[in-house]
Each structure stands twice: as structure tokens, then as C-alpha cells.
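Below you'll find the structure, written out as C-alpha cells, and then a few comments.
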Amino acid sequence: MDSQDHVCARCAEQHGSCCTLEPGLEEYCFPLSAAERAAMQAAGAKAEHFHREANTPAFVDNLCRLFPGEEEHIRALFPGQGFHHRVGISPQGACMLLGAAGCLLPRNARPLYCRIYPFWIQNGRQLYFDFCRCQAQLEAGGGAGLLKRLGMTPEDVRHTYQELRRAWNLPEHT
Ligand code: SF4
Ligand code: SF4
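So the sequence shown is numbered by the numbering used here: it starts at 30 and just counts up by one.
Have a look at this one:
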């Protein structure tokens, strides 16, 4: 178990982790590319671990906010009448791949958004999403130690972000 799994396992026990959302917010779940689904299936994910979701206006608008300045590309990827895949979610809001000690998938087979969370890159700058139930954020007491707490480096974040962009055929960012 690596240091991220360690803190995330405690988070899963205590708060449900970022792998649980408020029922009703499922449409905002980050989409899974074909490459991610293939890697997940190769690691044991089954049909019940995936869900086909409509590209609702709220879903597309939310993605556009995550990729400012790339709205045209995002709207072309997720047309209004289309669908995308996301992880399956229980009626209680938990990802179907969440076990008692965290994600059932090995880290290298998890969705890229799961691997980069709570970090993100926007306009070339690394940031993290404030989440009051994130055990790593609670233990880090702010941003400074968060990367360390989660066993990540700025390079890990950048590489994962680039991999995520490649998975969606978004142009390479420096
Ligand atoms: S795939 Fe794993 S890491 Fe991602 S939300 Fe589900 S349980 Fe969490
Ligand atoms: S990244 Fe934060 S919210 Fe997600 S499981 Fe780890 S400690 Fe919890």
C-alpha cells in the first residue's frame, strides 16, 4: 500500500472519501475515456462498475469550467444529444468500485481523474480543489504538505494531467 492509499484508506473509513458523492450529483461525475475503461476492465472492473450517462447541459458546462478556453473542443467531444461513460454509483452515492479500504482497482488502472484528484491544472498552474472531507487536506492542514501527504510530486500531477488530455485527444499543454 503506498502513502496515498494509506491516507485515502483512512478517508474511506472515516468520511467515505472523494469516491462518494451526494446522491443527485451523479451527472457531474468525470467521464471515462475508452482507454480508461479498457484499463479498468483489464484490472477486473465489470459491467456494473460503469454507467452510460447523458451529456446533460450541466455536465458539459461543468467540464467547460474545468477546461477554460477549450469550450469548443469540450462541446464537440460531448455533444448535447450524446452519451458518455462514468463509474457506476450506488443509490447511496458511493462508486461501485469503492471497497472498505479504498478503491478496488490498482492505482495504475484507476480513472485518470481519480488519480489526479484533488489536484488539477488550469491555465498552466497547479491547483487543488478544496474538499472539507478530504482526509489528506485535513491532515496536511493546508496546501503545503498535501502533495507529500498523497505521495505525489508536481511532476506526477503534470504527467497525469497530460495523460488525461491525451485520453480525450485534447491538444498537448506545456
Ligand atoms: S474508480 Fe476507484 S478511485 Fe475512482 S471513484 Fe471509484 S473507487 Fe474511487
Ligand atoms: S484524495 Fe482526499 S478525499 Fe480523496 S480519498 Fe484521498 S484523502 Fe480522501
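The beta carbon of each residue, even a glycine, is placed where N, CA and C say it ideally should be.
Local conformation of residue i per DSSP, three classes
{"i": "C161", "result": "coil"}
{"i": "T49", "result": "strand"}
{"i": "E201", "result": "coil"}
{"i": "E99", "result": "coil"}
{"i": "R139", "result": "coil"}
{"i": "L176", "result": "helix"}
{"i": "L92", "result": "helix"}
{"i": "L54", "result": "coil"}
{"i": "A74", "result": "coil"}
Residues that residue i bridges to, as DSSP identifies them
{"i": "G22", "result": "Examination of residue 22 is not possible in this model, given that the chain is present from 30 through 203 alone."}
{"i": "H113", "result": "E82"}
{"i": "L156", "result": "W149"}
{"i": "A123", "result": "T49"}
{"i": "L61", "result": "H114"}
Assumed close pair residue i, residue j - CB separation to whole angstroms, cut-off 8 angstroms
{"i": "E201", "j": "Q191", "result": "7 angstroms"}
{"i": "A138", "j": "M69", "result": "6 angstroms"}
{"i": "L141", "j": "T182", "result": "Rounded, the Cβ-Cβ distance is 16 angstroms, inconsistent with contact."}
{"i": "A123", "j": "G45", "result": "7 angstroms"}
{"i": "I145", "j": "V186", "result": "6 angstroms"}
{"i": "H78", "j": "L126", "result": "5 angstroms"}
{"i": "L199", "j": "H102", "result": "6 angstroms"}
{"i": "A74", "j": "L134", "result": "7 angstroms"}
Close-in-space but distant-in-sequence residues of the same chain around residue i (CB under 7 angstroms, 5 per side omitted)
{"i": "H113", "result": "P60, E82, N84 and F107"}
{"i": "W197", "result": "S62 and L106"}
{"i": "F160", "result": "C47, P147 and Q166"}
{"i": "N91", "result": "Y57"}
Own chain, CB closer than 6 angstroms to residue i, minus 5 neighbours either side, in chain order
{"i": "C58", "result": "R115"}
Any non-hydrogen atom of ligand 4 within 7 angstroms of residue i CB
{"i": "C161", "result": "With respect to small molecules bound, the structure shown includes ligand 1 and ligand 2 and not ligand 4."}
Contact set for residue i: own chain, Cβ-Cβ below 8 angstroms, skip 5 residues either direction
{"i": "P120", "result": "P52"}
{"i": "E65", "result": "P140, L141 and A196"}
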